[in-house]
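Peer 1: I have a structure I would like to understand better, so I am pasting it below and will then ask my questions one at a time.
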């Protein structure tokens with residue numbers, strides 16, 4: 001096997017479409033620069049909103065809250081600091097300035113039929129896992145295998161459903177399950193010159209069960225996934241890490257002294273050791 005990084009994806013606005021890049025820098029919180037730097041929240045821009053408040057009326061407008069978010073298409077341009085939005089099936093595209101988000105907030109508020117706003121933070125972004133807030137990892141072979149469980153879903157759609165940051169090639173399906181260990185331990189591994197800590201298999205939400213373009217629920221997606229995941233779980237994986245089998249992808253952390261390093265497509269991946277957390 002020759003594990004290597006074959007894709008890097010970041011999601012500038014949490015829950016919207018990804019941006020692929022050949023090279024990326026790791027920043028505050030261990031995240032990829034620009035990844036989940038912005039989030040849509042369910043209150044107007046004039047209302048206070050504590051960073052990372054995901055409870056009650058102060059929560060994110062994301063796929064966990066509403067399937068409407070799936071029908072928004074987006075294209076983010078970091079060079080001009082703009083985002084272009086449109087909806088599935090529509091040719092009408094509108095570009096918005098991310099510095100002054102007044103027009104963007106108005107477009108989204110009209111779309112969701114409630115007052116919403118896009119917030120930004122430099123302090124670690126808006127990851128789903130505040131403890132293991134580094135890039136998420138999956139292999140191409142895993143995506144292919146999981147797609148084979150569903151006759152009407154191809155690999156690209158499965159990639160969009162699971163929304164990983166880093167994709168590994170040159171390995172068999174579920175190889176990334178080697179990147180975590182028992183409770184209270186982590187697996188140290190290196191991508192290029194940057195060290196990571198593999199923490200746990202990612203617990204999935206309702207998002208992968210839906211068509212990423214329409215938000216329509218795929219019948220029996222979770223039931224089929226759980227059954228096949230249990231059947232195909234590698235023998236060397238500790239089943240104690242699976243209180244349920246609706247888990248796929250690896251959550252990571254990045255040590256403080258590795259932040260602000262760079263990773264790039266083509267970087268080799270090396271497992272180093274398992275250590276106590």
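Numbering (the UniProt record's numbering), first residue to last: 1 to 277. Cβ atoms here follow ideal geometry from the backbone N, Cα and C, with glycine treated the same way.
1. On a Cα-Cα basis, can you pick out the residue from 13, 31 and 1 that is closest to residue 256?
2. By how many angstroms is the C-alpha of residue 73 removed from the C-alpha of residue 90?
3. Select from 203, 28, 36 and 44 the residue whose C-alpha is nearest the C-alpha of residue 16.
4. Within its chain, find whatever has a CB closer than 7 Å to the CB of residue 56; leave out the 5 residues flanking it on each side and keep chain order.
5. Would you tell me roughly how many angstroms separate the C-alpha atoms of residue 126 and residue 86, rounded to the nearest one?
6. Just verifying my parser: in three-state terms, what is the DSSP assignment at residue 242?
7. Measure the beta-carbon distance from residue 272 to residue 188 and round it to whole angstroms, keeping in mind my assumption that it falls under 8 Å.
8. Using 8 Å for Cβ pairs, my map puts residue 123 next to residue 28. What's the rounded Cβ distance?
9. Would you say residue 156 lies against chain D (beta-carbon separation less than 9 Å)?
10. Hey, residue 221 and residue 232: beta-carbon distance below 9 Å or not?
11. Can you give me the Cβ contacts of residue 154 inside the same chain, cut-off strictly under 7 Å, excluding the 5 residues immediately before and after it?
12. Just to confirm my understanding: we take residue 230, look at its own chain, exclude 5 residues before and 5 after, and list those with CB closer than 7 Å. What are they?
13. Does the structure place the stretch 136-146 close enough to the stretch 174-189 that three or more beta carbon pairs sit under 8 Å?
14. I need the boundaries of the beta strand (DSSP E) containing residue 80, first residue and last residue.
15. Tell me whether residue 100 sits in a helix, a strand or coil according to DSSP, three-state version.
16. Out of 182, 116 and 224, state which residue places its alpha-carbon closest to the alpha-carbon of residue 60.
17. Any idea if residue 110 is buried or exposed, counting beta-carbon neighbours within 10 angstroms, 16 or more meaning buried?
18. Using three-state DSSP, classify residue 179 as helix, strand or coil.
19. Please work out which residues of its chain come closer than 6 Å, Cβ to Cβ, to residue 194, disregarding the five sequence neighbours upstream and downstream, and give them in chain order.
20. Classify residue 105 as helix, strand or coil using the three-state DSSP reduction.
21. Does residue 279 come out as helix, strand or coil in the three-state DSSP assignment?
22. I need the DSSP call for residue 38, collapsed to helix, strand or coil.
23. With distance defined between alpha-carbon atoms, name the residue in 9, 247, 212 and 276 nearest to residue 228.
24. Buried or exposed, going by whether 16 or more other CB atoms sit within 10 Å of the CB of residue 133?
25. Nearest CA to the CA of residue 78: which residue from 69, 68, 93 and 97?
26. Compute the Euclidean distance between the alpha carbons of residue 93 and residue 64, then round it to the nearest angstrom.
27. Curious, which full-length alpha helix (DSSP H) runs of at least 4 residues does the stretch 118-199 contain?
28. Taking the CB atoms as reference points, tell me whether residue 130 and residue 197 lie closer together than 9 Å.
29. Grouping DSSP H, G and I as helix and E and B as strand, with all else coil, what is residue 92?
Peer 2: The structure says:
1. When the alpha-carbon of residue 256 is set against those of 13, 31 and 1, the nearest one is in 31.
2. Approximately 10 Å between the Cα atoms of the pair.
3. Here the closest residue by C-alpha is 36.
4. Caution is warranted here: a pLDDT of 43 is assigned to residue 56, below 50, making its placement in the model unreliable, and the coordinate value is therefore given only provisionally. Nothing listed; no residue qualifies.
5. So the two alpha carbons sit approximately 23 Å from each other.
6. DSSP places residue 242 in coil when its eight states are reduced to three.
7. Right, the Cβ-Cβ distance comes to about 4 Å (below 8 Å), so this counts as a contact.
8. With a beta-carbon spacing of about 6 Å, residue 123 and residue 28 fall inside the 8 Å limit used to define contacts.
9. Among the protein chains of the structure shown there is no chain D, as only one such chain exists.
10. No, the Cβ-Cβ distance between residue 221 and residue 232 is not below 9 Å.
11. So the qualifying residues of the chain are 147.
12. Counting only Cβ-Cβ distances below 7 Å, and skipping sequence neighbours, we find 245.
13. The answer is yes - the stretch 136-146 touches the stretch 174-189, with three or more Cβ pairs under 8 Å.
14. Per DSSP, residue 80 belongs to no beta strand (DSSP E) and is neither H nor E.
15. Under the three-state reduction of DSSP, residue 100 is assigned to coil, being neither helix nor strand.
16. It is 116.
17. That one is exposed.
18. It is helical.
19. By the criterion of a C-beta distance shorter than 6 Å, residue 194 is surrounded in its chain by 258, 261 and 263, once the five residues flanking it on both sides are discounted.
20. For residue 105, the secondary structure class from DSSP, reduced to helix, strand or coil, is helix.
21. For residue 279 there is no data in the structure shown, the boundaries of the chain being 1 and 277.
22. Residue 38 falls in the strand class under three-state DSSP.
23. Ranking the options by Cα distance to residue 228, first place goes to 247.
24. With 16 or more Cβ atoms within 10 Å of its Cβ, residue 133 is classed as buried.
25. If we check each option's Cα against that of residue 78, 97 comes out closest.
26. Approximately 25 Å between the Cα atoms of the pair.
27. For secondary structure counted as the alpha helix (DSSP H) over 4 or more consecutive residues, the stretch 118-199 holds these complete runs in sequence order: 140-148 and 155-162.
28. Residue 197 sits away from residue 130, with the two beta carbons spaced by 9 Å or more.
29. The three-state secondary structure of residue 92, taken from DSSP, is coil.
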